[in-house]
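At position 371 of the sequence shown the residue is numbered 1583 (this note's numbering), and the sequence of numbers has no breaks. For glycine and all other residues, C-beta sits at the position ideal for the given N, C-alpha and C. Please read all numbers here as calculations on a predicted model, not as lab measurements.
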Amino acid sequence: MKCGECREVDVGTTSRAGNLSRRDFIKICSAAAVYMGLPAAMGAKIAQAATARRLPVIWVSGQECTGCTESLLRTDHPDFAHLILDLISLEYSETLNAGAGEQAEAALQASVKAGGYVMVAEGSFPLKDGGIYCKVGGRTIVDIAAEVASSAAAVIGIGSCASWGGMPSATAVDMGGKSPTGAVGIAEALESKGVKTPVVNIPGCPPNGYNFLSTVLYFVTFGKLPEVDDKARPKFAYGRLIHENCERRPHFDAGRFAEQFGDDGHRQGYCLYKLGCKGPETFNNCSTLTYNDVGASAWPVGMGAPCFGCSEADVGFTAPLHSPARPIYVTPPALFTGVDGGPKGKATTGGALVGGAVIGAVVGAGIVTAKKTGKKAEEES
Ligand code: SF4
Ligand code: F3S
C-alpha cells in the first residue's frame, strides 16, 4: 500500500492517470454513494470495488455525432483518463481506438469471446431496410450490437440517440413524418434481434458524464444496474423534473417571464417558460449537477437557453422548440437560491448541500459541494 502524501489512488491499486489522490477518490465515491441514495459509508466500498478490478467495456457506436464521448472527455472528477485507465478497461471504441481496420475488429472479437464485460451503446440504430444505413466492417451495426450485447453482463445506452433514437429518429416532413432510417434506441434494436440483456439508459444530448460515471460505479460495486424508471433511466439522476430545482423557478412562481430573447426579463434571468422551456416536462438533474465542473449556471437554462427536453423521448427532437411545455405536475421547488437575496445563478453553500441531497445529483455535484464546503471552511478559518 502506498500513501505518503496520498497523491495516488492506492485503494488496491495505483492510479495510472496519476491526477487524483486516494483521499479525493474516496470523497468522490462517498458523495456518489449519498447522491445515489446510499449511506455515505458505502463510499469506501465503492472505491474498493472500483479499483479492485477494472471492468471490461466494449463501446459500440451507431448513428451518432460522438458528442457523448466528447462530453465525457470533459469530466474532471474523475477525468476520462482516470476512467479508462484505472476504473474500466476500454476494450473497443471506434472513436478512441488506437488501432483500426482488421486489427481493431480482431480485438473486438477477442473481447467478446472473453466475455464478462459491459457494453456501452452510443448513437441510434437503424432498423429500416435491414439496417443498411449504418455498417462497420461490412456488417450492420444492429447485428454487431446484438452479437456484443448477447455476451454482455449489461448494456448502458449513453445519450438520447442510444436511449430512444434521439436526433436521427426525428421525423421528416417530406418522408411522411417518419425517420429516414428507422432509427431506434439500443433497447428496441436488441429486442428486434431477440437479445434480452438488461439495458439502462443515460439520455441527454449530451448526457452529463457524471450520470454515466455514477452508473458505472454502481455496477462495479454491486454487480447490477441501479434502480430505473419506466424509461430505464437511473432514478438517482432522472427522478425529478428540471423545473423543480431550476435557479429561475422563483421567477416562474412570481410570474416573471422573459417574453423575447434579449429583452429585459431575459437579461435579468427571468423564467424562460414563454420562450419554450421544457423544464416542466423533462426529468433530469441538469439544474443541480450542471456541466463541466465550471460552477453554477453552466447548463442550458443557466446560460439563458430554454431547456428543449433533450432527455425526454417525446419532447426533445419531437416537440417544436418554442412551443410551451406541458407541465406534468407542479411541486414546490426544493430550494430557492440567488434571485432576490444574492447574485443571480450563484447557489449558496447551504443551497448546494440541501439541493444536492434533495434531488439526488451524483458525483459531480458531490465534488462541487465538497469544493464549496472546503472554500467556505477556508473563508471561515
Ligand atoms: Fe426554469 Fe424553465 Fe421551469 Fe422556468 S420553465 S423555472 S426556466 S425549468
Ligand atoms: Fe437537455 Fe434540458 Fe438538460 S435540453 S441538457 S435536459 S436543461
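Inset, instruction - Can you have a look at H1455 and say buried or exposed, based on whether 16 or more other CB atoms are within 10 angstroms of its CB? - result: buried
Legend entry - Option nearest L1453 by Cα separation, candidates Y1422, G1521 and V1407: G1521
Inset, instruction - Measure the Cβ-Cβ separation of A1449 and E1493 and say whether it is below 7 Å. - result: no
Inset, instruction - Might you give, ordered along the chain, the residues of its own chain that have their beta carbon closer than 7 Å to the beta carbon of V1287, omitting 5 neighbours on each side? - result: Note that residue 1287 is Thr in the sequence shown here, rather than Val. The beta carbon of T1287 lies closer than 7 Å to those of G1421, Y1422 and L1425 in the same chain, with the five residues before and after it left out.
Inset, instruction - Quick one: grab the DSSP three-state call for V1396. - result: strand
Inset, instruction - To the nearest angstrom, report how far apart G1327 and A1262 are at their CA atoms. - result: A direct Cα-to-Cα measurement between G1327 and A1262 gives close to 19 Å.
Inset, instruction - Could you please give the first and the last residue of the uninterrupted beta strand (DSSP E) stretch that includes M1331? - result: Judged by DSSP secondary structure, M1331 falls within the beta strand (DSSP E) whose first and last residues are V1330 to E1334.
Legend entry - Within the segment 1409 to 1452, ranges of the beta strand (DSSP E) (whole runs, at least 3 residues): For the segment 1409 to 1452, whole beta strand (DSSP E) runs of length 3 or above, ordered along the chain, are 1411 to 1414.
Inset, instruction - State the DSSP-derived secondary structure class of G1371, mapped to helix, strand or coil. - result: The answer is coil: DSSP assigns G1371 none of H, G, I, E or B.
Legend entry - Own chain, CB closer than 8 Å to S1535, minus 5 neighbours either side, in chain order: G1488
Inset, instruction - Determine the extent of the alpha helix (DSSP H) in which V1513 is found, giving its start and end residues. - result: Going by DSSP, V1513 is part of no alpha helix (DSSP H) at all; its letter is neither H nor E.
Legend entry - Length of the line joining the Cα atoms of A1264 and G1435: Approximately 13 Å between the Cα atoms of the pair.
Inset, instruction - Could you please give the first and the last residue of the uninterrupted alpha helix (DSSP H) stretch that includes L1339? - result: No alpha helix (DSSP H) holds L1339; DSSP gives it neither H nor E.
Inset, instruction - Could you tell me if T1502 is buried or exposed, where buried requires 16 or more neighbouring beta carbons within 10 angstroms of its beta carbon? - result: T1502 is buried by the Cβ-count criterion.
Legend entry - Residue span of the alpha helix (DSSP H) that contains P1251, given as start and end: Counting along the chain, P1251 falls outside any alpha helix (DSSP H), and DSSP gives it neither H nor E.
Legend entry - the segment 1265 to 1272 contacting the segment 1327 to 1336, beta-carbon criterion three pairs below 8 Å: The segment 1265 to 1272, when compared against the segment 1327 to 1336, does touch it at the 8 Å Cβ threshold.
Inset, instruction - For G1563, count neighbouring C-beta atoms within 10 Å of its own C-beta (all shown protein chains included) and say buried if the count is 16 or more, exposed if not. - result: Bear in mind that a pLDDT of 34 at G1563, under 50, signals an unreliable position, so the model cannot answer this.
Inset, instruction - Count the other CB atoms, across all protein chains shown, that sit within 10 Å of the CB of G1378; report buried if there are 16 or more and exposed otherwise. - result: buried
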